[in-house]
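Structure first, then comments.
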Amino acid sequence: MLHVFTICDAKTSCSLTCHVFHIQKVLFLETPERISSALRPYWAKAIEGRAHVVQAQPDMLELVPPATSKGNGVKVLLNHLSISPDEVELI
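Mind the numbering: the sequence shown is residues 1 to 91 in UniProt numbering, read in order.
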C-alpha cells in the first residue's frame with residue numbers, strides 16, 4: 001500500500017490530502033548493469049517478505065505483490081468473464 005501526500009501552497013485552493021493506493025506493480029527500466037549492481041540488490045532487501053522482485057528482461061525490473069503470477073492473473077480473468085478453465089487454451 002502506498003500513501004501519497006499532497007501539500008499545496010497558499011496560492012492554490014487545495015488542502016492537505018492523503019491518497020491510499022494498492023499498487024500492483026512497480027516497473028524499473030534501466031541498463032542491465034545498473035539493475036544487477038544496484039536496483040535488484042537494494043529492492044530485494046527493502047521489500048523482503050512483502051513483495052517479489054521479478055526480472056523478465058535484462059533491462060527491466062519489477063516489484064509485485066507476493067501472490068502475483070500469470071496463473072493467478074488468468075484465474076481472476078476467467079472468474080471475471082465467467083469462463084471455465086476447460087473453455088480456454090493458453091500458450
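Glycine included, every Cβ here is placed at the ideal spot set by N, Cα and C.
V26: first and last residue of the uninterrupted beta strand (DSSP E) it sits in: V26 to L29
Beta-bridge pairing of H52 - partner residues as DSSP gives them: V64
Neighbourhood of R40 by C-beta distance below 8 Å, restricted to the same chain and skipping five residues each side: V53, Q55 and L61
Where A38 falls, given that 16 or more other Cβ within 10 Å makes a residue buried: exposed
Given G73 as reference, the closest of P58, A46 and L90 once Cα atoms are compared: With distances taken between Cα atoms, G73 lies closest to L90.
L81: first and last residue of the uninterrupted alpha helix (DSSP H) it sits in: Per DSSP, L81 belongs to the alpha helix (DSSP H) from K70 to L81.
Pick from V88, R34 and L78 that is closest to P58, judged by C-alpha positions: R34
Cβ-Cβ distance between A46 and P65 below 8 Å: no
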